[in-house]
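In our numbering, the protein residues as written are 51 to 300.
Don't be surprised by glycine CBs; every beta carbon is placed ideally from N, CA and C.
This structure is a prediction, so every number in the text was calculated from the model and none was measured.
Structure first, commentary second.
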Ligand SMILES: C[S@@+](CC[C@H](N)C(=O)[O-])C[C@H]1O[C@@H](n2cnc3c(N)ncnc32)[C@H](O)[C@@H]1O
């Protein structure tokens, strides 16, 4: 069991008392911002989010280049990582999310790109996937929104084949204290105001810095994954540590 700085059971949006309420709030918030999600994502990250997903796919290359890998991108949202994974493998991958309007955006992009990855609606904590059936599972900027991080880690591990790999790309707290202070100022004051104005949902963009603050810092998440039975758990920081990519093998 993890305790200490950065430890939290799961996301706790303001007003949510239970895990069900937290999940419902998160789903509703993404439904509200879905049509403007991509635009805001690229604007507020100055397009660096594209580099973060490309790097994730590059790190997974040895696993993606196996013949017919079984790959699932959970919390796929509008499908940017799903699309990169299909292009990298040359075969359809699976994408899932529990927010229908985000999946609708993803489906449109997949069709327009003449790609074939199938999408399905599912909670990342209760995937309709058999035990030990995937080679790779990815989650980009979704894990932090889980109402229970430990359940999320266990679900990732459950669906992977032995030797399969989980990739968790997520915002984190930059390790350098000076940069952390600057970044926290940006995310609490500028990002939440600009995001709120453009998306029309001030809740969504004030939730973002709060949810990052409550999410286990990268070394702690790695420890939690190891304690849950994952092996070869490693992480790398990107962009001065505002994002971390964890890779872990079942
Ligand atoms: C910040 S978006 C990230 C979308 C996409 N992966 C990307 O890289 O842009 C987070 C997504 O996670 C989804 N999500 C959050 N909690 C979830 C859960 N428990 N089960 C399934 N999807 C979830 C949300 O609906 C949303 O689409």
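Residue burial classification, residue i (beta-carbon count within 10 angstroms, cutoff 16)
i	result
residue 106	buried
residue 245	buried
residue 147	buried
residue 185	buried
residue 171	exposed
residue 63	buried
residue 237	buried
residue 80	buried
residue 284	exposed
residue 240	exposed
residue 217	buried
residue 65	exposed
Sequence-distant residues of the same chain with beta carbon closer than 7 angstroms to residue i, five excluded per side
i	result
residue 130	103
residue 289	98
residue 61	72, 76, 194, 195, 196, 197, 261 and 264
residue 86	248 and 249
residue 51	For residue 51, the pLDDT reaches just 43, beneath the cut-off of 50, and the residue's location in the model is therefore unreliable, although a value from the coordinates is still provided. Closer than 7 angstroms at the Cβ level, and outside the excluded window around residue 51, lies no residue.
Helix, strand or coil at residue i [DSSP, three-state]
i	result
residue 267	coil
residue 282	strand
residue 175	coil
residue 122	strand
residue 211	strand
residue 55	Reliability of the predicted coordinates at residue 55 is poor, the pLDDT of 44 falling under 50, and no value is obtained from them.
residue 219	strand
residue 141	coil
residue 304	Since the first residue shown for the chain is 51 and the last is 300, residue 304 is missing from the structure and cannot be characterised.
residue 133	helix
residue 98	helix
residue 302	Not covered by the structure: residue 302. The range shown for the chain is 51 to 300.
residue 292	coil
residue 154	helix
residue 299	strand
Spatially closest choice to residue i from the options, by CA coordinates
i	options	result
residue 187	219, 199 and 196	219
residue 135	150, 166 and 151	166
residue 214	181, 237, 125 and 240	181
residue 271	138, 201 and 150	201
residue 268	292, 259 and 282	292
residue 140	124, 266, 120 and 128	120
residue 169	183, 190 and 127	127
residue 152	59, 114, 113 and 88	88
residue 243	67, 94 and 78	94
Cβ-based neighbour list, residue i, same chain, cut-off 8 angstroms, excluding 5 preceding and 5 following
i	result
residue 154	84
residue 163	133
Cut-off 6 angstroms between Cβ atoms - residues of its own chain near residue i, not counting five sequence neighbours on either side
i	result
residue 212	300
residue 295	106, 219 and 286
Below 8 angstroms, how does it come out for the region 218–233 and the region 152–166: are there three or more Cβ pairs, yes or no?
no
Pairing CB atoms from the region 168–184 with CB atoms from the region 203–214, are three or more of them under 8 angstroms?
yes
Quick test of the definition: if touching needs 3 or more C-beta pairs under 8 angstroms, does the region 194–203 touch the region 139–146?
no
Contact between the region 246–260 and the region 274–283 is defined here as three or more beta-carbon pairs at a separation below 8 angstroms; is this criterion met?
no
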